[in-house]
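Asker: Handing you this structure, nothing more for now.
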Amino acid sequence: MREVKLSKLSSQMTVLSMGVAAVLWSQAVSAAPAEDMPSTTLQTITVTANSSVRDKVQTDSVYIEDYTPAQQASHLSDFLNVVPGVTVGGTSAVNQRIRIRGLEDSNLKVTIDGARQEGKLFYHMGDITIDPDLLKQADVAVGNNSVTLGNDAIGGAVAFKTVDAVDLLKPGQRIGAKVHAGYASNNDELLTSTTVYAAPTDNVDLLAYYGKRDSDSGEDGNGRELFEDSKTESILLKAGAYIADDHHIGANFSQTEKKGIFPFRPDFPSRSEAPIPQQVKRDTYGIDYSFNPSNPLIDVDTNVYQTKTRILRDSDYINDPGFDFNAEVQTTGAKIQNTSDIATNVGTHKLISGIEHYKKESEMERDFVKTGSDEATNTSVYLEDQWRNGKLTLTPGVRYDRYKSPEFISGGKTYDNVVGALAASYEIAPLTQVFASYTQLFNGPDLSQTIFNSNGDKTYVNNDLKAEEGSNAEVGILTTLRDLTVAGDALQLSGKYFETDIENYIEFVRSGGTRVGLDCVTGQLGGECQGVINKDEDFKIKGVELAADYKMNNFSMGLSYSRARSEGEKTGYSIPSVTGSSSESGDKYMVNLAYAPTETTDIGWRSTYVASVKPNASENEIEKPSYNVHDIFMNYSPKQVDGLKATLGVYNLFDEAYASHSSRLNPIDDVATDFEKGRNIKASLTYQF
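Okay, structure coming up:
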């Protein structure tokens, strides 16, 4: 079957308004040139600059080496939570889940070195497997504001980038090494890693990394055990070469494998059920090629990749075969993109054109017998033009997607869809710009959760299933103020209001036990089959994200505020969530301070307050309680030993007992709540030579 649809541009963008300004420490999101930007030692949140105010405000990047909690991270929440609008749930690394504005990672485009991390494995575990020690940077698109993101990106995108040899080599250095050791007190976690990198010639660079992380069970703030006994190994291999100056080719392989004894359901880490051996593993292969001659019309980037994520469980450990499974998702894809810079009499154009194709496949085994498999493919082409004329910048874009859906979800239906986008910014005063954007959304039906693959057995295949569609609209202001109190200081303020509309929201309906499934023929509620359906109401997400940064000499200070709320047009209920408790999180406030008392020492403090929230999932929904967490940390780099750095941090300083609002949370049942770790003292030592 085939559905052909051309999305309609909204006749009117919603009137958007701004709230009170708040500040995110080191949020370098300004349209000013780099030399005019505040900077800090311990944290830099900035953007891969391309002179677009939209990109600078609506995309954040966390640079690992510049942010102490990221340097000591064992979980993605240790650094991604600093971005307004982003929360990461799950206490264990096997259960880390990214949410942007309440939308979980199945509605986000997540990549590692350009390789898409597609598919869903098991709703009691996470789908993103990577050790933060591999990373140099994480770029976050908060909301979908560009046609370049494409399918599976209704809520935005997260692009993880692993370290390269050129990031570590000193000027004139041919070969070097970096050794790193870290310890965390709460769960007796020990991390050791070694990176060797080289540039044997002027045109070739090589890197090899190996890391090992051993963890025991930790405790929450009330002393409850968070059961985990695991060992993690990570490998990263990279090679790159310049050919005839204009051409560069690279290859990479990364792997993270975590084995251990975990609860049946890792998002219930305190349950009394006996734990079992489990393994999560990700393998990613990639080849990239770029061609960048002196011609301004040609700047080509290409990547080809394959990534495979797997969960393997062995319940023979407790003599209960009912929980055995081997779930696997593999994604193979390629993307080619060209950027052209064109100067005309009426301004300049940055023209981005590209084509992308990927295939995602899932496979499920129980007791070593294959029970089901499915696949989906997507091909897309897109064109975006950033036109700048004086103080005005306009960025229109268009994208075409051809998506072939999974056989056992919607009968392999093919969806042809065209979406458009338009962004604008205007400099109303020196270093002050207002901006607005409107982007249409498209998301084809995803693979089913892999553990439920059964080749259609007890599954309602929805041949009438519609793709998710909608729009994301944002408006905001951005300003940089200089020389406020002393010469050379700077204050940045930025804020935006957004509204995201989602039509045909796709919901997975489980069956079995006390659950009400679907009729296997009609798809109506009240049967014994599982399957996916479109919700009979549209949803709207509204919110604000406000940030700024103050920098004066060796001191920086900031705050941030973010809020997102979803609501169904008929019931008023919030967007349903398969993982965790509900999609809603309380308003988040962050305070950050950084101070460098000497050339060798940096100290910092971070405070996070999340307000209580009562989601609108139903009239009986229980309120999620508020929490307040404080972290302090310090770096010391002695002059006597070049390349040596010691780091000490105390996280959750006051031993707060809490669960992230993006985690499994039940305020009246502690064993059904995924509590975060209590006080955790981390110490690490890095030597680079």
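Position one of the sequence shown corresponds to residue 935 (this note's numbering), numbered consecutively onward. By construction, the Cβ of each residue, glycine as well, lies at the ideal position given by its N, Cα and C atoms. Quick caveat, the model's predicted, so the values are computed rather than measured.
Classify E1441: buried if its beta carbon has 16 or more other beta carbons within 10 angstroms, exposed otherwise.
Answerer: By one-based count along the sequence shown, residue 1441 stands at place 507. The residue is exposed, with fewer than 16 neighbouring Cβ atoms inside 10 Å.
Asker: Residue range of the beta strand (DSSP E) that V1263 falls in?
Answerer: As a position in the sequence shown, residue 1263 is number 329, starting the count at 1. First-last of the beta strand (DSSP E) with V1263: F1259 to T1278.
Asker: With a CB to CB cut of under 6 Å and the five nearest residues on each side skipped, what residues in its chain are close to Y1143?
Answerer: Locating residue 1143 in the sequence shown gives position 209, where the first residue counts as 1. So the list reads T1129 and L1170, once near-sequence residues are dropped.
Asker: With three or more C-beta pairs closer than 8 Å as the rule, is the segment 1606-1613 touching the segment 1175-1184?
Answerer: Touching, no.
Asker: Report the rounded CA-to-CA distance for T1243 versus K1146, giving the unit in angstroms.
Answerer: Here residue 1243 refers to the residue found at position 309 of the sequence shown. Here residue 1146 refers to the residue found at position 212 of the sequence shown. Distance between the alpha carbons of T1243 and K1146 is about 19 Å.
Asker: Could you pull the start and end residues of the beta strand (DSSP E) that N1536 belongs to?
Answerer: For the purposes of this step, residue 1536 is taken as residue 602 along the sequence shown, with counting starting at 1. Looking at the sequence provided, one finds Asp at residue 1536 rather than Asn. Unbroken beta strand (DSSP E) run through D1536: T1535 to V1544.
Asker: Do K1054 and D1380 have their C-beta atoms closer together than 8 Å?
Answerer: Here residue 1054 refers to the residue found at position 120 when the sequence shown is read from its first residue. Here residue 1380 refers to the residue found at position 446 when the sequence shown is read from its first residue. Cβ atoms of K1054 and D1380: closer than 8 Å.
Asker: Taking 8 Å as the cut-off, decide whether the C-beta atoms of S1519 and S1596 are in contact.
Answerer: If you number the sequence shown from 1, residue 1519 lands on position 585. If you number the sequence shown from 1, residue 1596 lands on position 662. Closer than 8 Å, so yes.
Asker: Where does the unbroken alpha helix (DSSP H) through A1007 begin, and where does it stop?
Answerer: Numbered from its first residue, the sequence shown carries residue 1007 at position 73. No alpha helix (DSSP H) contains A1007, which DSSP labels as neither H nor E.
Asker: Please list the terminal residues of the continuous alpha helix (DSSP H) segment that includes D1398.
Answerer: As a position in the sequence shown, residue 1398 is number 464, starting the count at 1. Taken as a continuous stretch (DSSP letters only), D1398 belongs to no alpha helix (DSSP H), as it is neither H nor E.
Asker: Between the Cα of V1280 and the Cα atoms of S1287, M1298, L1328 and L1246, which residue gives the shortest distance?
Answerer: Working through the sequence shown from its first residue, we reach residue 1280 at position 346. Checked all of S1287, M1298, L1328 and L1246; the closest Cα to V1280 is L1328.
Asker: How would you label V1575, buried or exposed, when you count the other beta carbons within 10 angstroms and need 16 or more for buried?
Answerer: Taking the first residue of the sequence shown as 1, we reach residue 1575 at position 641. The residue in question, V1575, is exposed, as its Cβ has fewer than 16 Cβ neighbours within 10 Å.
Asker: Measuring straight from C-alpha to C-alpha, what distance separates G1331 and K1043?
Answerer: As a position in the sequence shown, residue 1331 is number 397, starting the count at 1. As a position in the sequence shown, residue 1043 is number 109, starting the count at 1. The straight-line gap from Cα to Cα measures roughly 18 Å.
Asker: Let me check one thing: in DSSP terms, what residues is T1329 bridge-paired to?
Answerer: As a position in the sequence shown, residue 1329 is number 395, starting the count at 1. T1329 is bridged by DSSP to A1357.
Asker: Could you check which residue in A1424, V1455, N1438 and L1480 has the C-alpha nearest to that of E1471?
Answerer: On the sequence shown, position 537 is the one that residue 1471 refers to. When only C-alpha atoms are compared, the closest one is N1438.
Asker: On the DSSP letters alone, give me the boundaries of the alpha helix (DSSP H) that S1344 sits inside.
Answerer: Within the sequence shown, the letter at position 410 stands for residue 1344. Unbroken alpha helix (DSSP H) run through S1344: E1341 to S1344.
Asker: Taking the beta strand (DSSP E) that D1319 belongs to, which residues open and close that run?
Answerer: As a first step, residue 1319 is located in the sequence shown; it is residue number 385 there, counting from the start. Taken as a continuous stretch (DSSP letters only), the beta strand (DSSP E) holding D1319 covers V1303 to N1323.
Asker: Between E1167, G1023 and F1161, which has its C-alpha nearest I1195's C-alpha?
Answerer: Taking the first residue of the sequence shown as 1, we reach residue 1195 at position 261. The option with the nearest alpha carbon to I1195 is F1161.
Asker: By how many angstroms is the C-alpha of Y1543 removed from the C-alpha of N1360?
Answerer: Here residue 1360 refers to the residue found at position 426 of the sequence shown. Here residue 1543 refers to the residue found at position 609 of the sequence shown. The question names Asn, but residue 1360 is Tyr in the sequence shown. Computed Cα separation, rounded: 34 Å.
Asker: In three-state terms, what does DSSP make of A1551?
Answerer: Taking the first residue of the sequence shown as position 1, residue 1551 is located at position 617. It is coil, neither helix nor strand.
Asker: Using a Cβ-Cβ cut-off of 6 Å (strictly less than) and excluding sequence neighbours within five positions of Y1394, which residues of its own chain qualify?
Answerer: As a working note, residue 1394 is residue 460 in the sequence shown. So the list reads L1452, C1454, G1457, C1463 and G1465, once near-sequence residues are dropped.
Asker: So P1066 and A1004 are in contact, right, with Cβ under 8 Å, and what is the actual spacing, rounded?
Answerer: Locating residue 1066 in the sequence shown gives position 132, where the first residue counts as 1. Locating residue 1004 in the sequence shown gives position 70, where the first residue counts as 1. Indeed, because the Cβ distance is near 7 Å, the residues count as touching under 8 Å.
Asker: What three-state label does DSSP hand N1229 in the structure shown?
Answerer: Translated into positions along the sequence shown, residue 1229 becomes position 295. Looking at N1229 - three-state DSSP - the assignment turns out to be coil, as it is neither helix nor strand.
Asker: So N1550 and D1086 are in contact, right, with Cβ under 8 Å, and what is the actual spacing, rounded?
Answerer: By 1-based counting over the sequence shown, the position of residue 1550 is 616. By 1-based counting over the sequence shown, the position of residue 1086 is 152. Contact flag wrong, Cβ pair sits at about 26 Å.
Asker: Taking P1227 as the reference, which of D1275, A1261, Q1071 and A1268 has the closest Cα?
Answerer: To locate residue 1227, count along the sequence shown from 1; it is residue 293. Nearest option by C-alpha distance: D1275.
Asker: Could you pull out every residue in the same chain whose Cβ sits closer than 7 Å to the Cβ of K1548, ignoring the five residues on either side in sequence?
Answerer: Within the sequence shown, residue 1548 is the residue found at index 614, counting from 1. Cβ neighbours of K1548 beyond the five flanking positions: E1555 and E1557.
Asker: Spatial neighbours of S1204 within its chain, please: CB distance less than 6 Å, with the 5 preceding and 5 following residues excluded, ordered by chain position.
Answerer: Translated into positions along the sequence shown, residue 1204 becomes position 270. R1158 and V1605, listed in sequence order.
Asker: Straight-line CA distance for G1306 to N1229?
Answerer: On the sequence shown, residue 1306 is found 372 positions in, with the first residue counted as 1. On the sequence shown, residue 1229 is found 295 positions in, with the first residue counted as 1. Each residue's Cα considered, the two are about 50 Å apart.
Asker: Using a Cβ-Cβ cutoff of less than 6 Å, which residues in the same chain neighbour S1618 once the five nearest sequence positions on both sides are dropped?
Answerer: On the sequence shown, position 684 is the one that residue 1618 refers to. Hits under 6 Å: Q1006, G1116 and T1581.
Asker: With C-beta atoms as the reference, is H1009 less than 8 Å away from D1201?
Answerer: As a first step, residue 1009 is located in the sequence shown; it is residue number 75 there, counting from the start. As a first step, residue 1201 is located in the sequence shown; it is residue number 267 there, counting from the start. In this structure, the beta-carbon distance from H1009 to D1201 does not fall below 8 Å.
Asker: Does T1045 pass the burial test, meaning 16 or more other C-beta atoms within 10 Å, or should it be called exposed?
Answerer: Residue mapping note: residue 1045 aligns to position 111 of the sequence shown, counting from 1. Buried.
Asker: Is there contact here, the segment 1413-1428 with the segment 1467-1482, by at least three beta-carbon pairs under 8 Å?
Answerer: Put simply, the segment 1413-1428 touches the segment 1467-1482. At least three CB pairs are less than 8 Å apart.
Asker: Tell me the DSSP secondary structure of D1136 in three-state form.
Answerer: The residue given as residue 1136 occupies position 202 in the sequence shown. In the structure shown, the three-state DSSP call for D1136 is coil.
Asker: By the DSSP assignment, the beta strand (DSSP E) with V1076 in it spans what residues?
Answerer: Position 142 of the sequence shown, counting from 1, holds the residue named residue 1076. First-last of the beta strand (DSSP E) with V1076: L1069 to V1076.
Asker: If distances are taken between C-alpha atoms only, which option among Y1561, A1133, A1268 and A1545 comes closest to A1099?
Answerer: For the purposes of this step, residue 1099 is taken as residue 165 along the sequence shown, with counting starting at 1. Of Y1561, A1133, A1268 and A1545, the residue nearest in Cα terms is A1133.
Asker: Would the segment 1211-1223 and the segment 1067-1079 be scored as touching if the rule is three or more Cβ pairs under 8 Å?
Answerer: no
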